[in-house]
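Residue numbers (our numbering): 4 to 296.
A virtual CB, placed ideally from N, CA and C, is assigned to each residue, including glycine.
Following: one structure in structure tokens, then a few remarks.
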């Protein structure tokens, strides 16, 4: 599996979109502020074992002015953001023949610039989930949605990281990362964000009492009933015409952990049968890929 963003700025803009209070534009798209659910998992920690490196693929390594801890070999480049030109410093890794990051150790798959690693690496495993069926975005700590598809340094499939319960150290690390995100947002001219509220939520210990709802009262946050939600998400995935059944199952299991695996499998099987399908189009499988006929 290759990363979805070889230019890490595309991914960082998703972080901006999650925490912004004001609209902005990037790459021909306007991002509107929306409701935000901050999961209590944002206080969690995680492990990063050696000999994994599954997420250390070849993508741009990006820094902003003022980040003093940076490796060599960076070049200035300009990014167009919300009608402004923003300067960043990057190693695009364009001349690297391997699919792995050039700084991945070839002996134990450790990062050789850890402590100087770029923002997008530093922010893992903080995950953001943009609204699709739901009417809100979400931020928290969690494993990759398709971790089973990533290839480790040892050739095996699946990441080796594990999520750990919240501790004082993990809370402090999440706060540090959010502070770095705040610096990045400010550098891009995005200063009106939910980050002060999120940081206070973590530092005050309120994450122990449940999620934080921003942009409106909790009752304004709407998630459709699980089965309907799964059906709509399944429709989206089939409509992309690029996923196999195992891939779709992995995505659904990651996004709907409260829905039993057997129920998800039944929903998928029923979608192929015109007698039980809830879709208005027939599902066909071509070379293992699920799509609409």
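Check, Outcome
"Please list the terminal residues of the continuous alpha helix (DSSP H) segment that includes residue 254.", "248-258"
"I think residue 17 touches residue 131, with their Cβ atoms under 8 Å apart; what is that distance to the nearest whole Å?", "6 Å"
"Got a sec? Which residues, its chain only, sit under 8 Å from residue 217 by beta carbon, not counting five neighbours each side?", "38, 39, 40, 41, 197, 200 and 201"
"Which one or two residues does DSSP pair with residue 217 in a beta bridge?", "39"
"Going by DSSP in three states, residue 47 sits in which element: helix, strand or coil?", "coil"
"DSSP on residue 83, reduced to helix/strand/coil?", "strand"
"Buried or exposed: where does residue 97 fall if 16 or more other Cβ atoms within 10 Å of its Cβ makes it buried?", "exposed"
"With a Cβ-Cβ cutoff of 7 Å, do residue 150 and residue 161 count as a contact?", "yes"
"Could you check where the beta strand (DSSP E) with residue 65 kicks off and where it finishes?", "64-66"
"Tell me whether residue 151 sits in a helix, a strand or coil according to DSSP, three-state version.", "helix"
"Helix, strand or coil for residue 108 per DSSP?", "coil"
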